[in-house]
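Protein chains in written order, with the numbering used here: chain A, 1 to 293; chain B, 294 to 455; chain C, 456 to 927.
Glycine included, each C-beta is placed from N, C-alpha and C at the ideal position.
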Amino acid sequence: MRGFELVTAKDSRHAVALLAQHSASAKVRVIAGGTDLMADLHFSSHIPDVVVDISRAEDLKNIAITEEGLSIGALVTHTQIMRSPLIRDMFPALVDAAHTIGAVQTRNLGTLGGNLVTGVPSMDSGPTLVALEAVVSIAGPAGRRQVPLAEFWLGPRKTVLKPDELLAEIIIPKQNLNKPTHFLKFGLRKGQALALVNVASSFRVDWGKNVFVAPRIALGAVAPKVIRALKAEAFLEGRTVTPEIMAEAGQVAVGDAKPISDFRASAEYRKDLVAVLTKRTLEGAYELAKAKR
Amino acid sequence: MVTVTINVNGEKRTASVPPETSLLRMLRDSLNLTGAKLGCDVGDCGACTVIVDGKPVNSCLMLAAQADGRTVLTIEGLATADRLHPIQKAFENYGALQCGFCGPGVLMSAKALLDENPNPSVPEIRDALGGNLCRCTGYSKMIEAIQVAARAMRGEPAAKTA
Amino acid sequence: MDKKPDVAEKATPLETLQETDRILTVPALAPLVTYPLEVLVPEARQQTPAVGQRATRQDGRLHGLGQTKYIDDWYFPGMLFAKIKRAGVASARIKSIDTKEAEAMPGVVAVITGKDIPCNSFGPSLKDQPVLADTRVFHAGDGVAAVAAVTEQIAAEALDKIKVEYEVLTPVLDPLESLKLETPGVHAPNANIYGHKVIKKGDVEKAFAESYQVFEGTFRTQMVEHVPLEPHATIAMWDANGRVSIYSTLGRITMGRADVARTLGIPMSRIRMIATIVGGNFGGKNEITTEPALALLSKKTGRPVKCTFTRPEEFYASTTRHPLIMDYKTGVTKEGKILGRKIRLVLDGGAYCSWSETTLAKACILSTGPYNIENLYAEAFVVYTNKTMTGAMRGFGVPQVCFAHESHMDDIATALNIDPLDIRLLNAFEEGSLSPTSQKLQSVVVKESLLQAAQRFGWNTNGNGKGNGAKS
Numbered sequence: 001m002r003g004f005e006l007v008t009a010k011d012s013r014h015a016v017a018l019l020a021q022h023s024a025s026a027k028v029r030v031i032a033g034g035t036d037l038m039a040d041l042h043f044s045s046h047i048p049d050v051v052v053d054i055s056r057a058e059d060l061k062n063i064a065i066t067e068e069g070l071s072i073g074a075l076v077t078h079t080q081i082m083r084s085p086l087i088r089d090m091f092p093a094l095v096d097a098a099h100t101i102g103a104v105q106t107r108n109l110g111t112l113g114g115n116l117v118t119g120v121p122s123m124d125s126g127p128t129l130v131a132l133e134a135v136v137s138i139a140g141p142a143g144r145r146q147v148p149l150a151e152f153w154l155g156p157r158k159t160v161l162k163p164d165e166l167l168a169e170i171i172i173p174k175q176n177l178n179k180p181t182h183f184l185k186f187g188l189r190k191g192q193a194l195a196l197v198n199v200a201s202s203f204r205v206d207w208g209k210n211v212f213v214a215p216r217i218a219l220g221a222v223a224p225k226v227i228r229a230l231k232a233e234a235f236l237e238g239r240t241v242t243p244e245i246m247a248e249a250g251q252v253a254v255g256d257a258k259p260i261s262d263f264r265a266s267a268e269y270r271k272d273l274v275a276v277l278t279k280r281t282l283e284g285a286y287e288l289a290k291a292k293r
Numbered sequence: 294m295v296t297v298t299i300n301v302n303g304e305k306r307t308a309s310v311p312p313e314t315s316l317l318r319m320l321r322d323s324l325n326l327t328g329a330k331l332g333c334d335v336g337d338c339g340a341c342t343v344i345v346d347g348k349p350v351n352s353c354l355m356l357a358a359q360a361d362g363r364t365v366l367t368i369e370g371l372a373t374a375d376r377l378h379p380i381q382k383a384f385e386n387y388g389a390l391q392c393g394f395c396g397p398g399v400l401m402s403a404k405a406l407l408d409e410n411p412n413p414s415v416p417e418i419r420d421a422l423g424g425n426l427c428r429c430t431g432y433s434k435m436i437e438a439i440q441v442a443a444r445a446m447r448g449e450p451a452a453k454t455a
Numbered sequence: 456m457d458k459k460p461d462v463a464e465k466a467t468p469l470e471t472l473q474e475t476d477r478i479l480t481v482p483a484l485a486p487l488v489t490y491p492l493e494v495l496v497p498e499a500r501q502q503t504p505a506v507g508q509r510a511t512r513q514d515g516r517l518h519g520l521g522q523t524k525y526i527d528d529w530y531f532p533g534m535l536f537a538k539i540k541r542a543g544v545a546s547a548r549i550k551s552i553d554t555k556e557a558e559a560m561p562g563v564v565a566v567i568t569g570k571d572i573p574c575n576s577f578g579p580s581l582k583d584q585p586v587l588a589d590t591r592v593f594h595a596g597d598g599v600a601a602v603a604a605v606t607e608q609i610a611a612e613a614l615d616k617i618k619v620e621y622e623v624l625t626p627v628l629d630p631l632e633s634l635k636l637e638t639p640g641v642h643a644p645n646a647n648i649y650g651h652k653v654i655k656k657g658d659v660e661k662a663f664a665e666s667y668q669v670f671e672g673t674f675r676t677q678m679v680e681h682v683p684l685e686p687h688a689t690i691a692m693w694d695a696n697g698r699v700s701i702y703s704t705l706g707r708i709t710m711g712r713a714d715v716a717r718t719l720g721i722p723m724s725r726i727r728m729i730a731t732i733v734g735g736n737f738g739g740k741n742e743i744t745t746e747p748a749l750a751l752l753s754k755k756t757g758r759p760v761k762c763t764f765t766r767p768e769e770f771y772a773s774t775t776r777h778p779l780i781m782d783y784k785t786g787v788t789k790e791g792k793i794l795g796r797k798i799r800l801v802l803d804g805g806a807y808c809s810w811s812e813t814t815l816a817k818a819c820i821l822s823t824g825p826y827n828i829e830n831l832y833a834e835a836f837v838v839y840t841n842k843t844m845t846g847a848m849r850g851f852g853v854p855q856v857c858f859a860h861e862s863h864m865d866d867i868a869t870a871l872n873i874d875p876l877d878i879r880l881l882n883a884f885e886e887g888s889l890s891p892t893s894q895k896l897q898s899v900v901v902k903e904s905l906l907q908a909a910q911r912f913g914w915n916t917n918g919n920g921k922g923n924g925a926k927s
């Protein structure tokens, strides 16, 4: 790999200062776990001039309930998500999603923030957070700003981050704490596989009328970024919770998806997967709702 | 150049390396610890797996500088002058390795697993080895050997002579 | 050390260069490794029966300790690192190669191209493969230049500085297109078809005429890469007696030695090939790759030179398994007995012959499957295409034809409503059966194995002949 200058940030504030300092005059990239960046750099001809190592910023590694909701630091690794008692209790879907990423070694290094910032449409951490209407907190020289996660991505591998900004925190809003959510991924292998399609469904149940309340469905790998299946959500809102309705919602969700054909799968196969995974994640979320009732 | 100091296999070692050097290259080229292997350099094959601060990682994905001040355990640190580690002994007895190239990585993943989970099920072993590719063996003897080693490490007698 | 090494321009004094060299050379450290020094000494004069004893692999101990030294684990003082510039274009004429900028790079010690190779062709049978492409590129993985530098990183950067001017030609990528004689020869003026085999027995057309039904099917298999965990690696160095020592992951070292002798134009007695435990071969390390180029770089620089393939290079610059296009035509009786079979195989033979002739032969001979067939016509072609070299890989063509003849058999069984096991038992070889090439077969246990397997799998055949899994 070609050479670059390496600067190490002590904490998130220092990281932002380093980004601001260097990005004005040089090509800068950020390294956290390195699982995306190092693989990228090994065979790339676009080597940055400066790499800012943020892996030592301890203030970005917390998982806590705050007044805003559940806050997950950008440097929390996938392994840490899988093991956090708080996340295991409140959002098993996040644990499931983290578990489908790569392998043990990559999960020990890879961070939630990194997965979101790399921004491939098939990212496994995206759908659950989008279904839970997560918000990201971005740190810059002027302080923090918040952006809904669904609007964080502009397209494949493109985010709204400016060169002197850092993704600091991911917040699941207070009103969605403990909301029953289920995530499923379909890949060509059980491990170390990219998702052909991944889906997360999240809803509450009005037990009196047995209807869907605030259904949210997020689809990954079937559009230039993770998207909400708005037609399917509108179809479900206020409808009775039955297996048939869930299956039909799956069919409606196909209309929300815009998959491409590539060497992994055809667009048609992906549409099939959208229908099935939507139905199954709705069923899974319902099981969770019943268990938590 | 960056100066990197790591506690590797119980000893403090220092090397001066270009900033873009991965932990893998530093271990192999500067510290003569060639146990960890270069199989793909992009974190897919797991042949470079070492244990950093108790967690198995792809050393090809970690900058050497990121390992500064950390504790690293490589395959060379498993055995002592008196004995093989139980996992190494079990692998040897069961013929779990053929060409051996994936071996160091698999052994480190296995050690990390057993350090945390002294009685893993077969699915748990498979999950732990999911990041270690092997083209020769089909993994079945590795899984057996890990179970045997786990039993030995728990102090239980062998289930039956295999 | 805290000062940046001064990898400087060529005008720098020798002392500075030597200092740079000293800093970048790997120090000869003693390994900080403790390991069990248990030495197993068998008891004297003790007779032990060997058969039935557990045997441990001899390399098991070293593998488990991480002490097995593969080629990439060897470091020699003063060793340089080499990288190969790959063409990146499937078919082209090389108009010019300019290496001046690369040679002037600080840290680059030598650059060679195809012109520097004394005899630029080799191969297990046809000598159609160059060490480094000289005038023509036949596949994207063709090496066009080799660089030796003080670090691997500098060597990789130097590749970008080598300017190659290509006249891009239309590549031939489809083996069926290549088969048509009108397609311009990939290795013109030589024909695209570089191997041909026919096995003929009885009268297949007559057999078809007498058949209850004739079935046809076309089957294709894909190009497969061996993916040994250990990438190809080679180290070359010379001694003052003019002998080169080559450490390599190469499997066939005597053949490799002959190839190096041929390409370098030196007697075999001047070449030492040293192979060691290899990290997986599966056929992919059966011929030389960078050995002659490294030998020349080592000679030019006066230092040991090492080259390891990157993982991507393993895919596009090393041999792969032949894709096959297989046309099967089989005439059967109503009960499913094969009366005649006609087969055409087209092997995608890639850019160079490599082990295609062996693969062609085995694929053709075994294409019929383990079945008694009186009337047979099997014809196999291997053709050049401008794709990655296809060579040896576990099975040499047999896995491909096996997929075809077994799938074909299942198709016939389904169509005739016959149990897939029964149709095989009806046709399978037995003791004394003749192979397609009229070899009398001995120790034949096909039917016994099938029946035992059927019993163990719980294969259940009921009265009307349909078994489990007929349509799975």
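query                                                                                                                                                                                   : result
Answer with yes or no whether the minimum CB distance from Pro349(B) to chain F is below 7 angstroms.                                                                                   : The structure shown contains no chain F; its protein chains are A, B and C.
Is any beta-carbon of chain A found at less than 7 angstroms from that of Glu612(C)?                                                                                                    : yes
Across the region 382-395 of chain B and the region 425-433 of chain B, are there enough close Cβ pairs to call them in contact, namely three or more that are closer than 8 angstroms? : yes
Does the separation of the CB atoms of Gly423(C) and Ala909(C) fall below 7 angstroms?                                                                                                  : Absent from the structure is residue 423(C), since the part of chain C shown begins at 456 and ends at 927.
For a quick check, are the C-beta atoms of Phe836(C) and Val801(C) less than 7 angstroms apart?                                                                                         : yes
Please check the pair Ile368(B) and Ala329(B), which I expect to be a contact at CB under 8 angstroms, by giving their CB distance rounded to whole angstroms.                          : 7 angstroms
I'd like to know whether the C-beta of Asp615(C) is nearer than 7 angstroms to at least one C-beta of chain B.                                                                          : no
Under a three-way DSSP split, which group does Lys162(A) fall into?                                                                                                                     : coil
Hey, would you say the C-beta of His860(C) is under 6 angstroms away from at least one heavy atom of the ligand COA?                                                                    : The ligand content of the structure shown is nil, which means the ligand COA is not present either.
Do three or more CB pairs link the region 802-811 of chain C to the region 577-587 of chain C at distances below 8 angstroms?                                                           : yes
Leaving out five residues before and five after Ala483(C) in sequence, what residues of the same chain have Cβ atoms less than 7 angstroms from its Cβ?                                 : Note that Ala483(C) scores 46 on pLDDT, short of 50, meaning its location in the model is unreliable; the coordinates nonetheless yield the value given after this. Cβ within range, chain order: Pro532.
Does the distance from the CB of Leu815(C) to the CB of Gly650(C) come in under 7 angstroms?                                                                                            : yes
Label Ser315(B) either buried or exposed according to how many other C-beta atoms from any shown protein chain fall within 10 Å of its C-beta, with 16 as the threshold for buried.     : buried
Note down the Cα distance separating Gly918(C) from Arg280(A), rounded to an integer number of angstroms.                                                                               : Confidence at Gly918(C) is low in this model, with a pLDDT of 40, below 50, so its placement is unreliable and no value can be given for it.
Any idea what DSSP makes of Phe663(C), helix, strand or coil?                                                                                                                           : helix
Give the single residue among Thr689(C), Asp694(C), Trp693(C) and Asn696(C) whose Cα lies nearest to the Cα of Gly711(C).                                                               : Thr689(C)
Does Gln80(A) come within less than 7 angstroms of chain B when only Cβ atoms are used?                                                                                                 : no
What are the boundary residues of the alpha helix (DSSP H) that Gly69(A) is part of?                                                                                                    : Gly69(A) -> not in any alpha helix (DSSP H); beta strand (DSSP E) instead, spanning Gly69 to Gly73.
With a threshold of 7 angstroms on Cβ separation, who are the neighbours of Pro56(A) within its own chain once the five nearest residues in sequence on each side are excluded?         : Inspection of the sequence shows that residue 56(A) is occupied by Arg rather than by Pro. If we look at Arg56(A) and ignore the five residues flanking it on each side, its Cβ neighbours are Thr8, Ala9 and Lys10.
Which residue from Leu889(C), Val856(C), Ala870(C) and Ile780(C) puts its Cα closest to that of Asn830(C)?                                                                              : Leu889(C)
Find out if the Cβ-Cβ distance for the pair Ser546(C), Asn841(C) is shorter than 7 angstroms.                                                                                           : yes
Under the three-state reduction of DSSP, which class applies to Val900(C): helix, strand or coil?                                                                                       : coil
Please state whether the Cβ-Cβ distance between Val117(A) and Thr159(A) is less than 7 angstroms.                                                                                       : yes
When DSSP labels each residue in this structure, what does His182(A) get in the three-state scheme?                                                                                     : strand
Return the Cβ separation of Ala595(C) and Ala542(C) in integer angstroms, given the expectation that the two are a contact with Cβ distance under 8 angstroms.                          : 6 angstroms
Starting from the Cα of Asn827(C), find the closest Cα among Thr731(C), Ile878(C), Val566(C) and Met728(C) and give me that residue.                                                    : Ile878(C)
Hey, quick one: how far does the beta strand (DSSP E) through Met692(C) stretch, first residue to last?                                                                                 : Ala688 to Trp693
List the residues that DSSP assigns as beta-bridge partners of Leu60(A).                                                                                                                : Answer is none; Leu60(A) lacks a bridge partner.
Name the chain C residues whose beta carbon is nearer than 7 angstroms to that of Arg2(A)?                                                                                              : Gln608 and Glu612
For the beta strand (DSSP E) containing Thr8(A), name the first residue and the last one.                                                                                               : Glu5 to Thr8
Go to Ile609(C), then tell me how far its alpha helix (DSSP H) extends in each direction, as first and last residue.                                                                    : Glu607 to Lys616
Taking 7 angstroms as the threshold (beta carbon to beta carbon), is Asp322(B) in contact with chain A?                                                                                 : no
With 16 as the cutoff for other CB atoms within 10 Å, does Trp207(A) come out buried or exposed?                                                                                        : exposed
Using a C-beta to C-beta distance shorter than 8 angstroms, which residues of chain C count as neighbours of Asp408(B)?                                                                 : Simply none; closest approach about 18 angstroms.
Have a look at Lys635(C) and Ile793(C) and give me their C-alpha separation to the nearest angstrom.                                                                                    : 31 angstroms
I'd like to know whether the C-beta of Leu273(A) is nearer than 7 angstroms to at least one C-beta of chain C.                                                                          : no
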